[in-house]
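*Asks:* Here you go, one structure.
In this note's numbering, the protein residues as written are 11 to 56.
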């Protein structure tokens, strides 16, 4: 299962996603989580 998360704070999601059941699923390669910083796609200064 692949999750794509769009956020302005991708670094804040790293710690919560490395705990508990989600961490175990990621280690067993059952879940992939990709974060995208929406500011990378802004057309003007953010």
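Idealized CB from N, CA, C, for every residue including glycine. Note that the coordinates shown come from a computational prediction; the quantities given were computed from them, not determined experimentally.
1) Residue 42 lies in the beta strand (DSSP E); which residues open and close that run?
2) With residue 45 and residue 15 assumed to form a contact (beta carbons below 8 Å), what rounded beta-carbon distance in angstroms separates them?
3) With distances taken between CB atoms, is the gap from residue 24 to residue 48 smaller than 7 Å?
4) What residue range does the alpha helix (DSSP H) around residue 32 cover?
*Replies:* Put simply:
1) Start and end: 42–47.
2) Yes, residue 45 and residue 15 are in contact; Cβ-Cβ is about 5 Å, under 8 Å.
3) Not a contact, by the Cβ cut-off of 7 Å.
4) That run of the alpha helix (DSSP H) goes 30–37.
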